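Step one of this worksheet: look at the structure below.
Number of protein chains: 2
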Amino acid sequence: MKRRNTATQEAVLSVLTSKRRAMSQDAIVKQMEVNADRATIYRILNRFCEDGIVHKIVADDGKQYFAVCVKCDDIPVLGNHFHFRCTKCETIECLPTLVEFSVPEKYVVQQMNCVLVGICKDCS
Amino acid sequence: MKRRNTATQEAVLSVLTSKRRAMSQDAIVKQMEVNADRATIYRILNRFCEDGIVHKIVADDGKQYFAVCVKCDDIPVLGNHFHFRCTKCETIECLPTLVEFSVPEKYVVQQMNCVLVGICKDCS
DNA sequence: ATATTATTGCGACAAAGGTGCAATAATTTA
DNA sequence: TAAATTATTGCACCTTTGTCGCAATAATAT
């Protein structure tokens, strides 16, 4: 399944990279000048996830948010970091804070989804 | 708004306390012998949350799970603990592991929702 | 026993995501 | 460059989760 370049895909990626935040599908379309079908956006985002271009966060509102996997401020943002949802500006960002934990005997951790909720630096 | 005792409420609470796991609405009804309306279950669960009897977890599947606020194994399970979703037995449990973190300057954390995903001790 | 009002059931609704299928268009091949 | 291949899209439709209004029911207080 070789990938192809399309305008919609580039638009989605462009929005995500410029905003530097985790965004929901509807937030992404709002920022796009090109308009595309909802289902298409979801398919593009899920493809990006498979390819490791973006990662998915499920916030405490139950919605999926997508963020580009980039290094911010020279701190590598890998899988195991906290996400921060600001209740004032309604954005979700990747914190450089790594999630540290230890689980009881015999538990195997494969993924994680950690969201802190509060007021971000710009709103406090 | 004084609370009243009803059979449905007791049934919900009974299921949650006996299972000792975080359960979704549909999982709860399946375990109940009394049958009640979906909306009613949700209202009961949200009331329990308000009263501090149960707490709500939003898993990485975007669904709400509810767990009784109890002490397990002599370890107090308060707000700031990890949750563990087992992909094999499809349950979510409260880990005794507390969430430890430090956020960058000027961030104010008010809540958190941290879910680890993998294989639990019973399934590994 | 009656009045008060919390709780329930029903119906309807909205939002978020996903899917199948035919049409479109980006690559590849000739 | 033109034709063939097949990844991607748009559309329609569907499912699940969760909420809400309102009238009916039933738990408590009087």
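Chains as they are written, first to last, in our numbering: chain P, 1 to 124; chain V, 1001 to 1124.
All C-beta atoms in this analysis are idealised placements derived from N, C-alpha and C, irrespective of residue type, glycine included.
Model, not experiment: these values are computed from the prediction.
- With 16 or more neighbouring CB atoms inside 10 Å of its own CB, Thr1097(V) falls in the buried class.
- If only complete runs of 3 or more residues are kept, the stretch 1037–1076 of chain V shows the beta strand (DSSP E) at 1054–1058, 1064–1068, in order along the chain.
- The residue among Ser24(P), Glu105(P), Ala11(P), Asp37(P) with its C-alpha nearest the C-alpha of Arg85(P) is Ser24(P).
- When CB distances to chain P are screened at a threshold of 7 Å, the residues of the stretch 1103–1118 of chain V falling below it are Val1103, Pro1104, Glu1105, Lys1106, Tyr1107, Val1108, Val1109, Gln1110, Gln1111, Met1112, Asn1113, Cys1114, Val1115, Leu1116, Val1117, Gly1118, in chain order.
- For Met1023(V), DSSP records a beta bridge to Phe1066(V).
- Residues of chain V with a Cβ closer than 8 Å to the Cβ of Gln9(P) do not exist, since the nearest Cβ in that chain sits about 24 Å away.
- Counted as a single uninterrupted DSSP element, the stretch harbouring Thr91(P) is not any beta strand (DSSP E), since DSSP gives it neither H nor E.
- In the three-state reduction of the DSSP assignment, Val1117(V) falls in the strand class.
- For Val1029(V), the secondary structure class from DSSP, reduced to helix, strand or coil, is helix.
- Within the stretch 1041–1071 of chain V, contact with chain P at the beta-carbon level (separation under 8 Å) is assigned to Val1058, Ala1059, Asp1060, Asp1061, Gly1062, Lys1063, Gln1064.
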